[in-house]
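Trainee:
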Amino acid sequence: MPIKDYAEMVERVQRALGRGFAEEPWMLNMPGRSIACKIDHLHYLAVMPAFVDQLGRMAGMFPDQVSECLVRTGNFITRSPDRQPEVSLTVGWGGRPVTIRAAFVDADFIDRAVRTYGGLAMPLHLSDLRISVADRERVEAFFEGKTPPQALVYF
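For the sequence shown, our numbering begins at 571 and goes up steadily by one.
1) CB-CB under 7 Å to residue 665, same chain, minus the five flanking residues each way: which ones, in chain order?
2) Whose C-alpha, out of 687, 677, 683, 673, is nearest the C-alpha of residue 617?
3) Residue 643 to residue 581, Cα distance in whole Å?
4) Quick test of your reading: residue 605 and residue 696, contact by CB under 8 Å. State the CB separation rounded to the nearest angstrom.
5) Which word fits residue 603, buried or exposed, when buried means at least 16 other C-beta atoms lie within 10 angstroms of its C-beta?
6) Could you tell me which whole beta strand (DSSP E) segments of length 3 or greater appear in the segment 611-682?
7) Counting C-beta neighbours from all protein chains within 10 Å, is the total for residue 583 16 or more, i.e. buried, or is it exposed?
8) Per DSSP, what kind of secondary structure is residue 577 in: helix, strand or coil?
9) Out of 640, 622, 720, state which residue places its alpha-carbon closest to the alpha-carbon of residue 632.
10) Using a threshold of 9 Å, state whether the C-beta atoms of residue 694 and residue 684 are closer than that.
11) Once DSSP output is grouped into helix, strand and coil, what is the label at residue 696?
12) Based on the DSSP secondary-structure assignment, which residues constitute the bridge partners of residue 724?
13) Do you know whose CA, among 619, 657, 671, lies nearest residue 637's CA?
So, in structure tokens, the structure goes:
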């Protein structure tokens with residue numbers, strides 16, 4: 571059985587994401603419409619499973635392959651020992667709060683994709699998406715041993 575080349579897989583996913591963003595800029599940073607929104611300078615919050623489904627379609631991969639690739643390369647934030655990236659969170663962006671399944675994505679992964687393959691000169695700005703302050707303890711526990719999102723991500 572051949573060893574998986576995660577560097578090649580992550581490059582393929584980044585290329586697909588950047589090119590997809592160039593064609594459809596609304597796919598990132600528009601709460602309620604996008605598959606991922608930048609919440610602070612280190613993290614994007616991705617809507618699951620839409621994020622891996624869309625990336626899989628664009629990269630010609632199965633969603634579980636995309637998820638495994640992002641987990642194994644550290645681009646999905648996970649908690650030991652199960653390395654499950656998904657968490658249920660209540661989010662809002664000016665309207666009524668909604669509860670979603672989400673994953674935290676390393677901002678460098680998405681920012682590099684949109685700069686390198688999406689034609690942007692600089693990373694995306696922060697979106698209006700915020701996480702409920704009631705979920706803050708759960709988020710900080712999820713990030714145990716890692717840098718958690720900044721206080722500005724909560725409403």
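All C-beta atoms in this analysis are idealised placements derived from N, C-alpha and C, irrespective of residue type, glycine included.
Mentor: In brief:
1) Here residue 665 is taken as the residue at index 95 of the sequence shown, counted from 1. No residues qualify anywhere along the chain.
2) Taking the first residue of the sequence shown as 1, we reach residue 617 at position 47. Minimum Cα distance to residue 617 is reached at 673.
3) To locate residue 643, count along the sequence shown from 1; it is residue 73. To locate residue 581, count along the sequence shown from 1; it is residue 11. Looking at the two C-alpha atoms, the distance is approximately 11 Å.
4) Sequence index remark: in the sequence shown, residue 605 carries index 35 (1-based). Sequence index remark: in the sequence shown, residue 696 carries index 126 (1-based). So it is not a contact: roughly 17 Å between Cβ atoms.
5) Here residue 603 refers to the residue found at position 33 when the sequence shown is read from its first residue. Exposed, since its Cβ has fewer than 16 Cβ neighbours within 10 Å.
6) Runs of the beta strand (DSSP E) lying entirely within the segment 611-682 and spanning at least 3 residues, in chain order: 613-617, 656-662, 668-676.
7) Stepping through the sequence shown from its first residue, residue 583 is reached at position 13. Counting Cβ neighbours within 10 Å, residue 583 comes out buried, since at least 16 surround it.
8) Numbered from its first residue, the sequence shown carries residue 577 at position 7. Under the three-state reduction of DSSP, residue 577 is assigned to helix.
9) Here the question's residue 632 lines up with position 62 in the sequence shown. Ranking the options by Cα distance to residue 632, first place goes to 622.
10) Position 124 of the sequence shown, counted from the start, is the residue given in the question as residue 694. Position 114 of the sequence shown, counted from the start, is the residue given in the question as residue 684. If you check the CB distance, residue 694 and residue 684 come in under 9 Å.
11) One-based indexing of the sequence shown puts residue 696 at position 126. Reduced to three states, the DSSP call for residue 696 is coil.
12) Walking along the sequence shown from the start, residue 724 turns up at place 154. Residue 724 is bridged to 701.
13) Position 67 of the sequence shown, counted from the start, is the residue given in the question as residue 637. Distance check between residue 637 and each of 619, 657, 671 places 619 closest, using alpha-carbon atoms only.
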